């Protein structure tokens, strides 16, 4: 039987990391090499974690950002997400989901 539990999400502390628009990026598999360099020029951009030169580098960066308070843990939670959007065909749709720890 599956066990669903709350988990501690990580989020940026914008006071230390900077404005959110300098921290986010598209999915790693659609970032062109020149775009990657632009994102890497921003010291706390997520590309340092999602598209690093090596997995070891990403692990060191994650550890450093956590230690420096750039990334902080949220209290344990289960998130229920609902998104209403208009598809390219003009039809309004609703997407629902749960974000939790699953064992």
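In our numbering, the protein residues as written are 1 to 103.
Glycine residues also receive a C-beta, built at the ideal position from the N, C-alpha and C atoms.
Keep in mind it's a predicted model, so treat the numbers as computed, not measured.
Item to complete: Drop a sphere of 10 angstroms on the beta-carbon of residue 81, count the other beta-carbons inside from all chains shown, and report buried for 16 or more, exposed for fewer.
Response: Counting from 1 along the chain shown, the entry for residue 81 is found at position 81. Under this definition residue 81 is an exposed residue.
Item to complete: For my contact list, residue 12 and residue 70 are in at a C-beta cut-off of 8 Å; report their separation, rounded to the angstrom.
Response: Position 12 of the chain shown, counting from 1, holds the residue named residue 12. Position 70 of the chain shown, counting from 1, holds the residue named residue 70. Contact flag correct, Cβ pair sits at about 7 Å.
Worksheet item: Are residue 101 and residue 5 closer than 8 Å when you measure CB to CB?
Response: Position 101 of the chain shown holds residue 101. Position 5 of the chain shown holds residue 5. Yes. Within cutoff.
Discussion item. At the level of alpha carbons, what is the spacing between residue 10 and residue 73?
Written reply: Sequence index remark: in the chain shown, residue 10 carries index 10 (1-based). Sequence index remark: in the chain shown, residue 73 carries index 73 (1-based). In a straight line, the C-alpha of residue 10 is about 5 Å away from that of residue 73.
Fill in: residue 53 in three-state terms, based on DSSP
The residue labelled residue 53 in the question sits at position 53 within the chain shown. In this structure, residue 53 counts as coil in the three-state DSSP scheme.
Worksheet item: Whose C-beta lies closer than 7 Å to the C-beta of residue 23 among residues of the same chain, with five residues either side of it excluded?
Response: The residue labelled residue 23 in the question sits at position 23 within the chain shown. Counting only Cβ-Cβ distances below 7 Å, and skipping sequence neighbours, we find 12, 17, 44, 45 and 46.
Worksheet item: What are the complete beta strand (DSSP E) segments, minimum 3 residues, inside the segment 61-97?
Response: 71-73 and 79-86
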